[in-house]
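Undergrad: Numbering of the sequence shown is given in our numbering, commencing with residue 351 and proceeding in unit increments. C-beta: ideal position from N, C-alpha, C; glycine also. Owing to the predicted nature of the structure, the values given are computational and were not obtained by experimental measurement. The structure is given below, and queries will be raised subsequently.
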Amino acid sequence: MAAPLPDPGELATNIDDFKRDGVTSFHSSVTQTIARSMAVTLAKREAAGETIWQGDPETLGGNRYAGEVWRDFPELEGLFRADLGVFLQHYFGCYFRIWFALLYRNSPKREIRVGSQRWHSDSGPGSCVNVMFYLDETTPEDGPLEALPWKEALSIFRTERSALRGRLEQEDAAGDRNGALYDHYERVISERHRNEVVQPHGPAGLVVPFLNNTLHRGGCC
Numbered sequence: 351m352a353a354p355l356p357d358p359g360e361l362a363t364n365i366d367d368f369k370r371d372g373v374t375s376f377h378s379s380v381t382q383t384i385a386r387s388m389a390v391t392l393a394k395r396e397a398a399g400e401t402i403w404q405g406d407p408e409t410l411g412g413n414r415y416a417g418e419v420w421r422d423f424p425e426l427e428g429l430f431r432a433d434l435g436v437f438l439q440h441y442f443g444c445y446f447r448i449w450f451a452l453l454y455r456n457s458p459k460r461e462i463r464v465g466s467q468r469w470h471s472d473s474g475p476g477s478c479v480n481v482m483f484y485l486d487e488t489t490p491e492d493g494p495l496e497a498l499p500w501k502e503a504l505s506i507f508r509t510e511r512s513a514l515r516g517r518l519e520q521e522d523a524a525g526d527r528n529g530a531l532y533d534h535y536e537r538v539i540s541e542r543h544r545n546e547v548v549q550p551h552g553p554a555g556l557v558v559p560f561l562n563n564t565l566h567r568g569g570c571c
């Protein structure tokens with residue numbers, strides 16, 4: 351017999367929102383404590399002269415952590431054993447597997463969006479859930495993640511092939527197929543779905559789960 355799911359408590363609304371939209375956000379005293387602990391550790395190590403962040407040769411403003419995240423921050427396990435774990439178990443209806451963890455320091459340096467700063471989907475298995483975990487307080491001006499709810503994203507996916515067929519053939523010849531898709535997503539979202547875009551922000555310790563295949567983009571200035 352399968353073990354019963356944990357009590358969702360205050361996460362019940364977030365679970366329902368995520369099942370409908372494919373994106374939500376929440377925080378608690380537990381997530382805030384973990385975020386502060388990680389931030390303090392990073393600050394101490396950086397003050398001691400350690401190399402914490404890899405270089406940013408393309409000047410995108412996203413420095414990748416130079417170490418091994420899961421090994422260096424054991425408190426992350428507590429995140430999955432508490433609020434986030436409860437949320438994921440209710441979404442999947444079972445236990446889950448952690449695929450990998452990355453840590454970035456975001457400080458945008460360009461006005462023009464490039465790469466993952468443009469609207470895209472990750473094109474991975476539909477069962478995957480991405481989770482952003484903010485170590486610092488964020489506001490819209492900081493350029494946090496933006497995501498389009500799944501219903502609106504799906505409506506775009508259903509029409510993109512016919513809308514882009516001619517242009518994609520031209521872009522293939524030029525070797526820039528992704529550029530056409532990025533431009534199409536930007537145009538359609540700007541014209542039809544601007545008011546549906548979700549940009550979670552809030553205190554340190556904010557947890558932001560989103561479907562990896564819904565349309566989303568990283569922060570920019």
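Identify, in the order they occur along the chain, each residue of the same chain with its Cβ nearer than 7 Å to the Cβ of residue 425, setting aside the five sequence neighbours on each side.
TA: Answer for residue 425: 384, 387, 388, listed in chain order.
Undergrad: How close, in whole Å, do the beta carbons of residue 494 and residue 440 come, if the pair is a contact with beta carbons under 8 Å?
TA: With 8 Å as the limit, residue 494 and residue 440 do not qualify as a contact, their Cβ atoms being about 24 Å apart.
Undergrad: Comparing alpha-carbon positions, which option in 509, 511, 558 lies nearest residue 435?
TA: Nearest C-alpha to residue 435: 558.
Undergrad: May I have a chain-ordered list of the alpha helix (DSSP H) segments no shorter than 4 residues that lie completely inside the stretch 389-444?
TA: If we require 4 residues or more, the alpha helix (DSSP H) runs fully inside the stretch 389-444 come out as 419-422, 425-431, 433-442.
Undergrad: With DSSP collapsed to three states, give me the class of residue 556.
TA: Residue state, collapsed to three classes: coil.
Undergrad: Let me check you understand the geometry: is the CB of residue 471 closer than 7 Å to at least one non-hydrogen atom of the ligand FMN?
TA: The ligand FMN is not part of this structure, which contains no ligands at all.
Undergrad: Would you mind sorting residue 353 into buried or exposed? The rule is 16 or more other CB atoms within 10 Å of its CB.
TA: Classification of residue 353: exposed, given that the 10 Å Cβ count is below 16.
Undergrad: For residue 537, which three-state DSSP category applies?
TA: In this structure, residue 537 counts as helix in the three-state DSSP scheme.
Undergrad: Report all residues from its chain with a CB closer than 6 Å to the CB of residue 376; omit the five preceding and five following residues, and keep chain order.
TA: Cβ neighbours of residue 376 beyond the five flanking positions: 364, 557.
Undergrad: Rounded to whole angstroms, what is the Cα-Cα separation between residue 400 and residue 415?
TA: Computed Cα separation, rounded: 12 Å.
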